[in-house]
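A.B. asks: Remember, our numbering sits 19 above the position in the sequence shown when you count from 1. Please find one structure pasted underneath; my questions will follow.
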Amino acid sequence: MREYIRRGLNRILGSARATIDTIEPGSIVVAPRRPIDLHDEAAITEVLDLAARIGAVLLDAGTGAVDTLHQVQFVAGIYGLDDVDVDVTFNTVLICARRGSTLPPITASRTVKYRSLDFTRLAEIDRLIRRIRRRAISATSAHRIVDVIVEAPHPYPRWAATLGWGVMAIGVAAFLGGSWLVVALSFLTSVVIVSVNRRLNQIGTPPFFQQVNGGFIAVLPAALVFELTELAGWSFLPSQIIAAGIVVLLSGLTLVGSVQDAITGAPITATARFTEVLVMTGGLLVGVAMAIKLLGLFHVYLPALTAVTPFGASEIPARIGGGAVAACAFALASYAETRALPAAFFAGALGTSVAAALTTVTQSPLTACAAAGFTVGLIGGFAARRALTPPLVIAVAGLTPLLPGLTMYRAMYGLMNDDPSRGGAEMATAFGIGCALAAGVTLGEFVARRSRRPQIPPLSLALRGARRR
């Protein structure tokens, strides 16, 4: 009886873990309720299509190629298909089941035709995989559940997500040390950018031109208000508003994800994602350049960039608060579940506190971002188990405030003002920050997955220890 109770407690505590943390790459051991008949082509096709559909949803939500591959293998293995080959690329999931030397293999594939930030959908798929593992539900029932998950509307109305992007810009502006005027304009600018880009997306405008529009809108109010504050004699930094808009536009891209795929052994997907980042960043550059040239026709100019001054220790609390708000707002804008919002807030506060503290001490943004990424990946992996939230949600939200928006703007400014050496150096710094964040979070998640919660000792031993104390 005691042994039964002990096993039950271990089962309950051990269940609060993200699905990907329960999968050992290369050594999937499952016990399907009924081994599948390798001669039943219809049943095998149904299982393969289910695994491919789940993989497509994971890939659509931004899950790394290697993690997606492991989960697709895991789902197929639960239904008795352990001899499968899975290939996950930038927008395709391909799975092939071998049926011995006398039967031809069966293949299924799914293509991700669009990208959508819906972390609730990711969490629902995560829970579905756990249900398949624990209760061995039929493939037919799992297909119906996937249909419901994919076709379900977003958990929040669009206006709430739009406000989330605006609040995220507020947090980024506060993290950069902006004044109340910078914070207010960052909010309004980001809301306008998201609203206009959503309308452009509805009419089928390619994402590149949406980035051009975002870069264009990010510059105009900052430059105009700068001219007005110059006349009034106020101190105002338009670069902080533009940087907040750039972070909002970059947050949905996969700069960190592309480097993470390269680190974990998915070079093809990493190359495709990095190419997408380059093209979208080029759209930002075009939009910013167009706005600056247009303003120049009316003799409105942005101020020349000066050297970045390190912030003092007294500014760290405000920056931590700004990072935490930005991370939580990004999770809200990405339709994360309500129980994931506190975890995102904590991850943002944790990442920005580590980055701010180390930047103050070492003056090295790469070292600070690498340490912040590792801390977010490590603590986020453990927190994901407790909150039953996929680690990707916490990791992406925690790293979003640290995206190099200001560095990207400085690079664009240098390249557009005949200073290629300075612009190139800033662009290299931005790329280095992205690599440091990706490497840190990847290592942190790796350590978290390899850490095992200690088993509960038998009740008799626990009672003996209590009596001795």
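Ideal placement from N, C-alpha and C gives every residue a C-beta, glycine not left out.
Tell whether a beta-carbon distance below 9 angstroms holds between Leu200 and Val244.
C.D. replies: Yes, Cβ-Cβ distance for Leu200 and Val244 is below 9 angstroms.
A.B. asks: For the region 161–177 and the region 436–453, state whether three or more C-beta atom pairs, one from each stretch, are separated by less than 8 angstroms.
C.D. replies: With a cut-off of 8 angstroms, the region 436–453 and the region 161–177 do not count as touching, because too few Cβ pairs lie within range.
A.B. asks: Just checking my contact of Trp184 with Val213 at CB under 8 angstroms: how many whole Å lie between their CB atoms?
C.D. replies: That pair is a contact at about 5 angstroms.
A.B. asks: With a threshold of 16 other CB atoms inside 10 Å of the CB of Arg52, please say whether the residue is buried or exposed.
C.D. replies: Reliability of the predicted coordinates at Arg52 is poor, the pLDDT of 49 falling under 50, and the value obtained from them is presented with this limitation in mind. Exposed, by the Cβ-count rule.
A.B. asks: With respect to the beta strand (DSSP E) encompassing Asp104, which residues constitute its N-terminal and C-terminal limits?
C.D. replies: Element bounds for Asp104: Val103 to Val107.
A.B. asks: Please classify Ala127: does DSSP put it in a helix, a strand, or coil?
C.D. replies: Strand at Ala127.
A.B. asks: If we count Cβ pairs, one from each stretch, closer than 8 angstroms, do we get three or more for the region 205–224 versus the region 277–287?
C.D. replies: No, because fewer than three Cβ pairs between the region 205–224 and the region 277–287 fall closer than 8 angstroms, the two stretches do not touch.
A.B. asks: Terminal residues of the continuous alpha helix (DSSP H) containing Arg111?
C.D. replies: Position check: residue 111 holds Thr in this sequence, whereas Arg was assumed. Careful: Thr111 lies outside any alpha helix (DSSP H), inside the beta strand (DSSP E) at Thr111 to Ala116.
A.B. asks: Three-state secondary structure (DSSP) at Ile282?
C.D. replies: Ile282: helix per DSSP, three-state reduction.
A.B. asks: Output needed for Asp106: all residues of its chain with C-beta closer than 7 angstroms, excluding positions within five of it in sequence on either side, in chain order.
C.D. replies: Correct list, in chain order: Leu113.
A.B. asks: If you draw a straight line from the alpha carbon of Leu425 to that of Ala241, how long is it in whole angstroms?
C.D. replies: Straight-line Cα distance between these residues: approximately 14 angstroms.
A.B. asks: Do you know how far the Cα of Ala75 is from the Cα of Thr408?
C.D. replies: Looking at the two C-alpha atoms, the distance is approximately 19 angstroms.
A.B. asks: May I have the straight-line CA-CA distance separating Leu69 from Ala350, to the nearest angstrom?
C.D. replies: If I take the Cα positions, the gap works out to 28 angstroms.
A.B. asks: In angstroms, rounded to a whole number, what distance separates the CA positions of Val267 and Ser470?
C.D. replies: Between Val267 and Ser470, the C-alpha separation is close to 34 angstroms.
A.B. asks: How many angstroms separate the CA atom of Ile104 from the CA atom of Ile144?
C.D. replies: The sequence given here has Asp at residue 104, not Ile. So the two alpha carbons sit approximately 21 angstroms from each other.
A.B. asks: With 16 other CB atoms within 10 Å as the buried threshold, where does Gly27 fall?
C.D. replies: Its pLDDT being 43, under 50, Gly27 is placed unreliably in this model, and the coordinates cannot settle the point.
A.B. asks: State buried or exposed for Asn9, treating a residue as buried only when at least 16 other CB atoms are found within 10 Å of its CB.
C.D. replies: In the structure as shown, the chain begins at 20 and stops at 488. Residue 9 is therefore absent and cannot be evaluated.
A.B. asks: For the region 161–172 against the region 204–218, do three or more pairs of beta-carbon atoms, one drawn from each stretch, fall closer than 8 angstroms, so that the two count as touching?
C.D. replies: Output reads no: the region 204–218 does not touch the region 161–172.
A.B. asks: Expressed to the nearest angstrom, what Euclidean distance is found between the alpha-carbon atoms of Ile55 and Gly96?
C.D. replies: Cα to Cα, Ile55 sits roughly 10 angstroms from Gly96.
A.B. asks: Is the distance from the Cβ of Thr82 to the Cβ of Leu418 below 9 angstroms?
C.D. replies: No.
A.B. asks: Can you tell me which of the three DSSP states Tyr432 falls into?
C.D. replies: Tyr432 falls in the helix class under three-state DSSP.
A.B. asks: On the three-state DSSP scale, how would you describe Thr82?
C.D. replies: The answer is coil: DSSP assigns Thr82 none of H, G, I, E or B.
A.B. asks: Can you give me the C-alpha to C-alpha distance between Leu100 and Ile260, rounded to a whole angstrom?
C.D. replies: Roughly 53 angstroms separates the two Cα atoms.
A.B. asks: Quick one: any contact between the region 340–350 and the region 364–371, if contact means 3 or more CB pairs under 8 angstroms?
C.D. replies: Because the criterion of three Cβ pairs below 8 angstroms is met, the region 340–350 and the region 364–371 touch.
A.B. asks: According to the neighbour-count rule (16 or more other Cβ atoms, all chains shown, within 10 Å of its Cβ), is His58 buried or exposed?
C.D. replies: By the neighbour-count rule (16 or more Cβ atoms within 10 Å), His58 is not buried but exposed.
A.B. asks: Between Ala490 and Ala158, which are expected to be in contact by the criterion C-beta below 8 angstroms, what is the C-beta distance as a whole number of angstroms?
C.D. replies: Coverage of the chain is limited to positions 20 through 488, which leaves residue 490 absent and any answer about it impossible.
A.B. asks: In angstroms with no decimal places, state the Cα-to-Cα distance between Leu421 and Ile63.
C.D. replies: In a straight line, the C-alpha of Leu421 is about 45 angstroms away from that of Ile63.
A.B. asks: In whole angstroms, give me the CA-to-CA distance for Val305 and Gly119.
C.D. replies: Cα-Cα distance, rounded: 55 angstroms.
A.B. asks: Look at Arg429 and Ser270 and say whether their C-beta atoms are less than 9 angstroms apart.
C.D. replies: Their beta carbons are not under 9 angstroms apart, which means Arg429 does not touch Ser270 by this criterion.
A.B. asks: Measure the C-alpha to C-alpha separation of Ala352 and Ala161 and round it to an integer number of angstroms.
C.D. replies: Distance between the alpha carbons of Ala352 and Ala161 is about 28 angstroms.
A.B. asks: For His318, count neighbouring C-beta atoms within 10 Å of its own C-beta (all shown protein chains included) and say buried if the count is 16 or more, exposed if not.
C.D. replies: Answer is exposed; the Cβ neighbour count stays below 16.
A.B. asks: Rounded to whole angstroms, what's the CA-CA distance from Ala142 to Leu247? Just pull it up for me.
C.D. replies: Answer to the nearest angstrom: the Cα atoms are 47 angstroms apart.
A.B. asks: CA-CA distance, Val296 and Phe255?
C.D. replies: Approximately 30 angstroms between the Cα atoms of the pair.
A.B. asks: What do you get for Gly315, buried or exposed, if any count of 16 or more other CB atoms within 10 angstroms of its CB means buried?
C.D. replies: Burial call: exposed.
A.B. asks: Roughly how many whole angstroms lie between the Cα atoms of Phe364 and Gly396?
C.D. replies: Phe364 and Gly396: Cα-Cα distance of roughly 14 angstroms.
A.B. asks: Are there 16 or more other CB atoms within 10 angstroms of the CB of Pro172, so buried, or fewer, so exposed?
C.D. replies: That one is exposed.
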